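K.L.:
These protein sequence lines are chains A and B, in that order.
Under our numbering, read the first sequence as residues 652 to 855, first letter to last.
Under our numbering, read the second sequence as residues 652 to 855, first letter to last.
Backbone N, C-alpha and C define an ideal beta-carbon position, used for all residues, glycine too.
Owing to the predicted nature of the structure, the values given are computational and were not obtained by experimental measurement.
Protein chains: 2
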Amino acid sequence: MKIYETSTAPSPRRVRIFLAEKGLLDKVTFEQLDIQAGENITPEFRLKNPIAKVPVLELDDGSYISESVAICRYFEALYPENPLMGVTPKEQAEIEMWQRRCEIYFFNIVGMGFQHTTGYFADRMQPNKEWGEQCVKGAAKFFRVLEAQLSQNEFIAGDSYSIADITALVTVDFARVIKVRIPEDMPNVLRWYEAVKQRPSAKV
Amino acid sequence: MKIYETSTAPSPRRVRIFLAEKGLLDKVTFEQLDIQAGENITPEFRLKNPIAKVPVLELDDGSYISESVAICRYFEALYPENPLMGVTPKEQAEIEMWQRRCEIYFFNIVGMGFQHTTGYFADRMQPNKEWGEQCVKGAAKFFRVLEAQLSQNEFIAGDSYSIADITALVTVDFARVIKVRIPEDMPNVLRWYEAVKQRPSAKV
Numbered sequence: 652m653k654i655y656e657t658s659t660a661p662s663p664r665r666v667r668i669f670l671a672e673k674g675l676l677d678k679v680t681f682e683q684l685d686i687q688a689g690e691n692i693t694p695e696f697r698l699k700n701p702i703a704k705v706p707v708l709e710l711d712d713g714s715y716i717s718e719s720v721a722i723c724r725y726f727e728a729l730y731p732e733n734p735l736m737g738v739t740p741k742e743q744a745e746i747e748m749w750q751r752r753c754e755i756y757f758f759n760i761v762g763m764g765f766q767h768t769t770g771y772f773a774d775r776m777q778p779n780k781e782w783g784e785q786c787v788k789g790a791a792k793f794f795r796v797l798e799a800q801l802s803q804n805e806f807i808a809g810d811s812y813s814i815a816d817i818t819a820l821v822t823v824d825f826a827r828v829i830k831v832r833i834p835e836d837m838p839n840v841l842r843w844y845e846a847v848k849q850r851p852s853a854k855v
Numbered sequence: 652m653k654i655y656e657t658s659t660a661p662s663p664r665r666v667r668i669f670l671a672e673k674g675l676l677d678k679v680t681f682e683q684l685d686i687q688a689g690e691n692i693t694p695e696f697r698l699k700n701p702i703a704k705v706p707v708l709e710l711d712d713g714s715y716i717s718e719s720v721a722i723c724r725y726f727e728a729l730y731p732e733n734p735l736m737g738v739t740p741k742e743q744a745e746i747e748m749w750q751r752r753c754e755i756y757f758f759n760i761v762g763m764g765f766q767h768t769t770g771y772f773a774d775r776m777q778p779n780k781e782w783g784e785q786c787v788k789g790a791a792k793f794f795r796v797l798e799a800q801l802s803q804n805e806f807i808a809g810d811s812y813s814i815a816d817i818t819a820l821v822t823v824d825f826a827r828v829i830k831v832r833i834p835e836d837m838p839n840v841l842r843w844y845e846a847v848k849q850r851p852s853a854k855v
């Protein structure tokens, strides 16, 4: 199997960390795309993913799976050992809930904050600086939700490391580009961050 | 089990259709919240969901699951009959991919278009009309992706009705509020829409 990605972009990093945590990095090869140069918005790449985003997983039968979490779901279903998306119905639901909270109200907001304040993709979208600045402020607010949850739990979705931790870690690291950092008065978020960034998977 | 919801809002409708398709509506009772009046942003409701959105599922053990897709995941795992999220790894991944495409690039964009152009929640957020108008235009573009997919497939994620169809149907219906409608020159999207809206689940 092969993954088309951009190693410096946050979404592909989610998949790499997921694979590293499950011990599956050797199941795939990686092909790099220069997304700033637009290698993902060519007609050829749109045949792989009409949404024109990375990462995209190419299966051995020649079909394609895009969307980071869908790629993770594929590997979780194929290799259920070291589960990162829960096993019981309640675990699955709680992890999905936290993964989605971290994605919708943090990862996506940081992403829009970045794109709209920096104009990084101004060749293919219309940046709205005011909206971008609102997103930067909104992203910082999510730390309060994380602090409350991490004051009661070792990891974001409970006692075990999960895909929710991956989404949050990748977001915290990427948020540096818009100068959003974990506030000093959030001891539990800081404790969690130190723990997850020490894991070998965080380096991939 | 109990679901806190607002029957006129799009997200709770996703869960109701999902439960109807699986024949599980009788497993839950529903309690209505007036979100326009702010019944979801009270300190009491934030104990159920710190993100302050509906729907929220209350389990019999007193714990809460929020985020529509996480609630659906819970019921899918608990009652695997009539699967709407796939069975094999590839089916699960393809349905998750299409569910996410329909959600991220269509449902969420219509939602922002609505909130930012109408100022419906202006008491709790800062509407940005220009951004809202960009979203309205962006939402309409997604029909091209759907038309291409539905020209090759009966349903959005392939041969079977799935949670991806639910997300898309709810979005098409909700998009009327921002005057975004299926274009006349998209015969396959129109054919799909007629079929999914005729299903009894679409009426719940």
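Report the residue ranges of all beta strand (DSSP E) runs contained in full by the stretch 697-767 of chain A; include only those spanning at least 3 residues, in chain order.
P.N.:
You should have 707-709, 715-717.
K.L.:
Would you please state the rounded distance, in angstroms, between the beta carbons of residue 662 of chain B and residue 719 of chain B? I believe it to be under 8 Å.
P.N.:
That belief holds up - the Cβ atoms of residue 662 of chain B and residue 719 of chain B are roughly 5 Å apart, short of 8 Å.
K.L.:
Rounded to whole angstroms, what is the Cα-Cα separation between residue 798 of chain A and residue 736 of chain A?
P.N.:
Those two C-alpha atoms are separated by around 22 Å.
K.L.:
So for residue 683 of chain A, helix, strand or coil by DSSP?
P.N.:
Three-state result, residue 683 of chain A: strand.
K.L.:
Taking the CB atoms as reference points, tell me whether residue 818 of chain A and residue 747 of chain A lie closer together than 8 Å.
P.N.:
No, they are not a contact pair.
K.L.:
Which chain B residues sit within Cβ distance under 7 Å of residue 843 of chain A?
P.N.:
Result: empty, since nearest Cβ-Cβ is about 16 Å, beyond 7 Å.
K.L.:
Here's the rule: buried if 16 or more other CB atoms are within 10 angstroms of the residue's CB, otherwise exposed. What is residue 763 of chain A?
P.N.:
With 16 or more other Cβ atoms within 10 Å, it is buried.
K.L.:
Pair every Cβ in the stretch 798-814 of chain B with every Cβ in the stretch 764-775 of chain B, then say whether three or more of these pairs are closer than 8 Å.
P.N.:
No: the two stretches stay apart, fewer than three of their Cβ pairs being nearer than 8 Å.
K.L.:
As an exercise, report each continuous alpha helix (DSSP H) stretch of at least 4 residues that is fully enclosed by the stretch 812-851 of chain B, in chain order.
P.N.:
For the stretch 812-851 of chain B, whole alpha helix (DSSP H) runs of length 4 or above, ordered along the chain, are 814-825, 838-849.
K.L.:
At 7 Å on the CB atoms, spell out the chain A contacts of residue 724 of chain B, in chain order.
P.N.:
Within 7 Å Cβ-Cβ: 743, 744, 747.
K.L.:
Quick check on DSSP: helix, strand or coil for residue 807 of chain B?
P.N.:
Three-state result, residue 807 of chain B: coil.
K.L.:
Considering Cα atoms alone, identify which of B:808, B:717, B:688 is closest to residue 707 of chain B.
P.N.:
The option with the nearest alpha carbon to residue 707 of chain B is B:717.
K.L.:
With a threshold of 6 Å on Cβ separation, who are the neighbours of residue 725 of chain B within its own chain once the five nearest residues in sequence on each side are excluded?
P.N.:
Only 716 meet the Cβ criterion.
K.L.:
If residue 673 of chain A sits next to residue 733 of chain A, beta carbons under 8 Å apart, how far is it from one beta carbon to the other, in whole angstroms?
P.N.:
Their Cβ separation, rounded to whole angstroms, is 5 Å, which keeps residue 673 of chain A and residue 733 of chain A in contact under 8 Å.
K.L.:
Output, in chain order, the set of chain B residues within a Cβ distance shorter than 9 Å of residue 761 of chain A.
P.N.:
Within 9 Å Cβ-Cβ: nothing; residue 761 of chain A doesn't reach chain B, min ~15 Å.
K.L.:
Can you grab the Cα-Cα spacing for the pair residue 820 of chain B / residue 777 of chain A, in whole Å?
P.N.:
Taking the straight line joining both Cα atoms gives about 28 Å.
K.L.:
In whole angstroms, give me the CA-to-CA distance for residue 722 of chain A and residue 772 of chain B.
P.N.:
Cα-Cα distance, rounded: 35 Å.
K.L.:
Between residue 838 of chain B and chain A, is the shortest Cβ-Cβ distance under 8 Å, so that the two count as touching?
P.N.:
Not one chain A Cβ lies under 8 Å of residue 838 of chain B.
K.L.:
Between which two residues does the alpha helix (DSSP H) containing residue 792 of chain A stretch?
P.N.:
Residue 792 of chain A -> alpha helix (DSSP H) spans 780-801.
K.L.:
For residue 665 of chain B, which residues in chain A fall below 8 Å Cβ to Cβ?
P.N.:
Within 8 Å Cβ-Cβ: nothing; residue 665 of chain B doesn't reach chain A, min ~13 Å.
K.L.:
On the DSSP letters alone, give me the boundaries of the alpha helix (DSSP H) that residue 672 of chain A sits inside.
P.N.:
First-last of the alpha helix (DSSP H) with residue 672 of chain A: 661-673.
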